[in-house]
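Report on one structure; see the data block that follows.
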Amino acid sequence: YPAEVAGLVWLDVEHPEQWTRTPEGRAQYQQILRLSRVGPWVARVGLIRLSNYFPPVKELPPQAAAAFKAWLDTTRFMEVNAAEFQSQLASAAQALAAGALGDMPLLVVTATDHGYPPDMTDVLEAQWLTMQAELATLSTNSAQQIVEGATHGSLQVEERDAQVSSAAIRQVVEAVRTGKRLQVTVAAQEILTSPKTRGQ
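Residue 6 in our numbering sits at position 6 of the sequence shown, with consecutive numbering throughout.
Put into structure tokens, the structure is as follows:
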């Protein structure tokens, strides 16, 4: 919707070729695809809940954490999750067809810890960083903020990482309103170098 979108913040988003470019990516896609197909059945008989497959999100307030955990344990969540993943390749093809973004403000926020299998961590994380950098080239007015130690989810729920995400959103809003070029902000760097422990 180019006529309706003025700027973009991508929080550790997937590259359109994430699952197709490399042998490791293709293997991981097939593994997750198989799991997505059995997930709803496992949830339907209560094994997701009983196994504590999704641990509580301790960074959220207790009431919100309980509600979120209850949703993750439902058959409906697993069905939606499966449907989303099974349509990933079609969605990726649409994203590739959309092409570049021109001069639209684009800030790519990148996590560095995705919980990959130990034998594939180094390779997959390196590939992730490469493709995240490529995403930033889709606009001529872009910046990338790498958040060391962050996970895909912590960019939303852990205090330090969520502050970086919020700062990115504010910067893009300011860029749209004022015409300023994007760059990694001093504020974001101060958050990342703060001695305060994440999650406290």
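Quick reminder that beta carbons are idealized off the backbone N, C-alpha and C, glycines included.
Keep in mind the model is a prediction, meaning the values are calculated, not measured.
Problem - GLY7, DSSP secondary structure in three states - result: Three-state DSSP puts GLY7 in coil, outside helix and strand.
Exercise for the section: Have a look at the DSSP bridge pairing and note the partners of ALA111. Expected result: In DSSP, ALA111 forms a bridge with VAL147.
Practice task
Could you tell me whether the segment 81 to 95 touches the segment 113 to 122, using the rule of 3 or more Cβ pairs below 8 Å?
Solution key: Touching, no.
Exercise for the section: Mind the definition here: the segment 126 to 144 touches the segment 99 to 112 only if three or more C-beta pairs lie below 8 Å; say whether that holds. Expected result: As far as the Cβ criterion goes, the segment 126 to 144 touches the segment 99 to 112, which means the pair count is three or higher.
Exercise for the section: Would you tell me roughly how many angstroms separate the C-alpha atoms of SER36 and GLN145, rounded to the nearest one? Expected result: Spanning the two alpha carbons is a distance of roughly 31 Å.
Problem - Proximity of GLU24 and GLN88 at Cβ, strictly below 8 Å - result: If you check the CB distance, GLU24 and GLN88 do not come in under 8 Å.
Exercise for the section: Taking the CB atoms as reference points, tell me whether PRO80 and PHE68 lie closer together than 8 Å. Expected result: As written in the sequence, residue 80 is Val, which differs from the Pro given in the question. Not closer than 8 Å, so no.
Practice task
Take the Cβ of ALA98 as the centre, count every other Cβ of all protein chains shown within 10 Å, and call the residue buried at 16 or more, exposed below.
Solution key: With fewer than 16 other Cβ atoms within 10 Å, it is exposed.
Exercise for the section: May I ask you to report which of helix, strand or coil DSSP gives SER166? Expected result: In the structure shown, SER166 sits in a helix (DSSP, three-state: H, G or I).
Practice task
Have a look at LEU33 and GLN86 and give me their C-alpha separation to the nearest angstrom.
Solution key: Their Cα atoms are separated by approximately 7 Å.
Handout entry: Cβ shell of ALA150 (< 6 Å), same chain only, five flanking positions each side left out
Key = Sequence-distant Cβ neighbours of ALA150 in its own chain, meaning closer than 6 Å and more than five residues away, are ALA111, ASP161.
Handout entry: Inter-residue Cα distance where the pair is MET78 and GLY179
Key = When rounded, the distance between both Cα atoms is 42 Å.
Practice task
State the Cα-Cα distance for the pair ALA65 and GLU59, rounded to the nearest angstrom.
Solution key: Near 8 Å, if we compare the C-alpha coordinates of GLU59 and ALA65.
Problem - As assigned by DSSP and simplified to three states, the class of LEU106 - result: Here DSSP, grouped into helix, strand and coil, assigns LEU106 to strand.
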